[in-house]
Amino acid sequence: MQIDKMSARVRPRKPMEAIDLGFMMVQQWWKKIALSWLILTLPIFIIINVILIDHEVWAAILFWWLKPLYDRVPLHIISRALFGNVESLKNILKAIPGLIFPHMIKMLTILRLDPTRSFNLPVWQLEKLTGGARAQRSNVLKKLSGGSAFGLTFLCILMELIFFFSILGLVYMFAPEYYTDAVSTALWPGEANNVWWAGMLINFFIYITYFIVEPFYVAGGFALYINRRTQLEGWDIEIAFRQLAQRIRKPKSYSSVAAVLLACTIGFIFSPIEKVNAEPEGLSNAEAKQAIKEIMEKDEFGKEKTVVRWRSKDKDKKKEEKKDEKEEKKADPKVKKSDKESSTDFGWLSLGLGSIGEVILWVAAFALIVLAIIFYLRWSPAGIQKSQKINKKIPKSLFGLEITPESLPDDVGQAAMDLWNKNDPLVALSLLYRGVLTTLVHRDGINLRGSATEGDCIRIVINHGSKLNADSVAYFRQLTTTWQLAAYAHRLPDTGVMKDLSQRWVQHFGAQS
Amino acid sequence: MSIASGVSSEHIHAASQTVVKLRDEISKAVVGQSSVIDQVIIALLASGHVLIEGVPGLGKTLLVRAMAKTFNGTFSRIQFTPDLMPSDVTGHAMYDLKSESFKIRKGPVFTNLLLADEINRAPAKTQAALLEVMQEQQVTIEGKPLKLDPPFMTLATQNPIEQEGTYPLPEAQLDRFLLKIMIDYPDTNEEYQLVHNVTSNSIGDAINVDDIQPVVNAEHIINLQKVTAELTVDSRVSEYAVNIVRQTRNWPGISIGAGPRGGIALLRAGRAAALLHGNDFVTPDDIKSIAIAGLRHRIVLSPEMEIEGQTPDTILQNLLDSVDAPRI
């Protein structure tokens, strides 16, 4: 692998950028990728569908299951082309058998449902590692890019769904009804009147979506892989040094400074550089130390500044704790990425989305419980009674009348008779009627609304099945009729009737509880 | 303050009994549908017209014929069709060759009870001709005004299904109907009895109103209408009716509320309801009992309520539940 021949600029990228680079690679070499993919997959697709002609669903599943095999061809093309080796179609086709068969069984069984498949594939195919070494390598690479690789898989699944439904939409919009009906029935497996080609047509739509999405998926995973290696192995630094070394060889006068710089920075590189061609020459140890000292004293390196400001103690504590954690992490050679970098990772995004989702779920669950309680209170028989009890507290005045027990005189019957004798018959009758309503609302917990007419009140009392006995109901009816006659027909009852009503009031509605 | 009654209570009592008899006679022929019968009688007593909505075959024609027979009144029926002309309804002048003069040929509106079947199938011109007759109670042919014999009542019907090719009545014309009555399928027992009645001892399925005995005559009906118009209405009851109508104009689910005719209709129908209930005075109960029938065709629901599938009846029921009944 010659990293200085890479056709893309080498630098550590954010995961999104890296995936974007992968997509650019597909666009760059799309003709070869598409052709070779078609040449490999189309026969497989046709064979599977012809063999399983009556089981189109199984055909679709089988073709999907074999996907890891097809992925290897785009990866082969991209991985070579990226390092300056764009192969001819003939060579690619020749290489296909050698690409497909290695590790085929493992890829199609225990690793088939790996959610980071496109990211792990280069480890298999390019590094050719197996067993424990492969697992270890994968783990190291996945440490900080696993989330992004998973995100990529998820994104590509979504894209496949979108393309599939878009194609279906196109068919529904433009195809004659006969064909759309056939497709509709084929979409529901088990429908009796399936047309033989409809299931195959749907499988072909699926095939098209794979054809569109799969190369991007593979290239995205590969780009993430390359990016991770660039970070781990400092490819960008290596390339920079190589260019520096080439420059040093020509004009000798600068060689001393370049060599010192090189020596200093080698220590910062995390994993060994494959080959460093530049070699320090012409400086003794003491001279080098002196040179380093001089350089470090220059403004660019040695300037110190004292800044005084207030800080909260707690914050300091937390910061110290964090610092400790960081140091611990640094001690672990596998973790070599700064916090800032990891915050731009897909992992962070999925974590954020996850926690938002969790909050929404909790809120929804809570709302459902509250709704269930309200529903129960409202509609269950026990709930209805309870709500009526609650209602008991609400009305203090109805129909513009005060109907609190306090607003009534102690002896309603007597007070009504007094009013009658004072030649205020309507108010007297009104007091009796109001007294009954007050008792019904407060003692018996009957829910009377302001809109209830006299007839409604009687109906509510009868339907309520309250403590009222038949006599009390009869009394209420008589009082209502008398009241209606007085109020709306302007016919007052005889004094005898009024006396009778007043006396019987206490008997039926006197006991306030 | 009240609108006082000028009729003695005995007179009213007798009137009330007559109305109950009328109802019982009609019930002999029309099985079930008691609320429909009540509302039609209320409209007759209040000298109003009704719009009946229901699917075909629920006994609308039977109801009208039975009612006509109870007071020995005349009955005619017009089937409204898209080619029906106004003169087919009101009548026209015809040149008589023998007498060499124009003779007026009276249309089917010259009757006591007129059944305008599927009124929304005729074009607006013909509908308007009928609605004018309903309002004016007279027909003008060749510049000659011809009075209709009282009592005159129109029972127009509408079919809630098959709206294609119909001419829905405009709101202004719907306002002319005192009540809009919804007629629904009878319940199991009623339907059983209905089927039994129609098929026993009869040929075909012709309407049979032979069992109905005339209770009164047309004169009596006019008297009953007079008695109804003179029932006592307390000012609080009138206020209650007006409050209901006014509330329709501010109610959230209603885009156009009822006009003052709505309040007038409630009081007229309320009086008739009181007489039907055997009272000589009107209570808020009477108003409330006919409020939905009296207002459902006078309001226009807001579009969102219509989209939600709400009917005027449910909206009006909610509205009635919010209007305070009068008390002292």
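Chains as they are written, first to last, in this note's numbering: chain A, 1 to 513; chain B, 514 to 841. Idealized CB from N, CA, C, for every residue including glycine.
In this structure, the beta-carbon distance from B:L707 to A:S451 does not fall below 8 angstroms. DSSP places B:H733 in the uninterrupted alpha helix (DSSP H) bounded by A731 to A742.
The alpha carbon of A:F163 has as its nearest neighbour, out of A:W124, A:F150, A:K106 and A:F211, the alpha carbon of A:F211. For B:P658, there is no enclosing alpha helix (DSSP H); the enclosing beta strand (DSSP E) has its first and last residue at K657 to K660. Nearest to B:D537 by C-alpha distance, out of B:Q676, B:I554, B:A806 and B:Q671, is B:I554. Of the candidates A:M159, A:S148 and A:I356, the residue whose Cα lies closest to the Cα of A:Y225 is A:S148.
Comparing alpha carbon positions, the residue from B:G620, B:K616 and B:M598 closest to B:A641 is B:M598. B:P825 has a beta carbon lying at 8 angstroms or more from every beta carbon in chain A.
Per DSSP, B:S768 lies in no alpha helix (DSSP H) segment; the continuous beta strand (DSSP E) that holds it begins and ends at I767 to I769. A Cβ-Cβ contact shorter than 8 angstroms links B:L644 with B:R689. Non-local beta-carbon contacts of A:L479 in its own chain, meaning distances under 7 angstroms to residues more than five positions away in sequence, involve L432, Y433, V436 and L501 in chain order. Cβ-Cβ distances below 6 angstroms link A:W235 to I3 and V10 in the same chain, with the five nearest sequence neighbours on each side left out; the list follows chain order. DSSP lists B:G604 as the beta-bridge partner residues of B:K619. For B:R590, the pairing in a beta bridge is given by DSSP as B:L628. Counting every other CB atom within 10 Å of its CB across the protein chains shown gives A:L368 a total below 16, marking it as exposed. Taking C-alpha positions only, B:T594 is separated from B:L564 by approximately 17 angstroms. Within 10 angstroms of the beta-carbon of A:I105 lie fewer than 16 other beta-carbons, which makes it exposed.
For chain B, the residues of the region 470–484 of chain A that bring a beta carbon within less than 8 angstroms of one of its beta carbons are Q484, in chain order. With a 10 Å radius around the Cβ and a threshold of 16 neighbouring Cβ atoms, A:F301 comes out exposed. Within the same chain, L141 and S145 come within 6 angstroms of A:R228 by CB-CB distance, once the 5 residues on both sides are set aside.
A distance of 8 angstroms or more separates the beta carbons of A:V213 and A:M173.
For B:V836, the residues of chain A that pass the 9 angstroms Cβ criterion are G450 and S451, in the order they occur in the chain. For B:D798, the neighbours in chain A by C-beta distance under 8 angstroms run, in chain order, T453, E454, G455 and D456. When the alpha-carbon of B:T603 is set against those of B:E655, B:R578, B:D609 and B:T583, the nearest one is in B:E655. In the pairwise beta carbon analysis, the region 605–621 of chain B is classified as not touching the region 573–585 of chain B: fewer than three pairs are separated by under 8 angstroms. Check the Cα spacing between A:K94 and each of A:I77, A:F83 and A:M107: the tightest is with A:I77. In terms of Cα proximity to A:R443, the closest of A:V427, A:H508, A:I360 and A:S118 is A:H508. Those residues of the region 730–743 of chain B placed with their C-beta closer than 7 angstroms to a C-beta in chain A do not exist. Cβ atoms of B:P636 and B:S589 stay farther apart than 8 angstroms, at about 21 angstroms. The shortest C-alpha to C-alpha distance from A:V26 to any of A:F154, A:I295, A:L75 and A:I458 is the one to A:L75. In its chain, beyond the 5 residues on either side, L691 have a beta carbon closer than 6 angstroms to the beta carbon of B:G561.
Looking at the backbone, the Cα of B:T796 and that of A:C457 are separated by about 13 angstroms. Taking C-beta separations shorter than 7 angstroms and ignoring five residues to either side along the sequence, the partners of A:L40 in its chain run Y70, V73 and I96, following chain order.
Contact annotation: the region 775–782 of chain B does not touch the region 821–832 of chain B, with fewer than three C-beta pairs closer than 8 angstroms. In the three-state scheme derived from DSSP, where H, G and I count as helix and E and B as strand, B:D747 is classed as strand. In the structure shown, B:K541 falls within a helical segment according to DSSP collapsed to helix, strand and coil.
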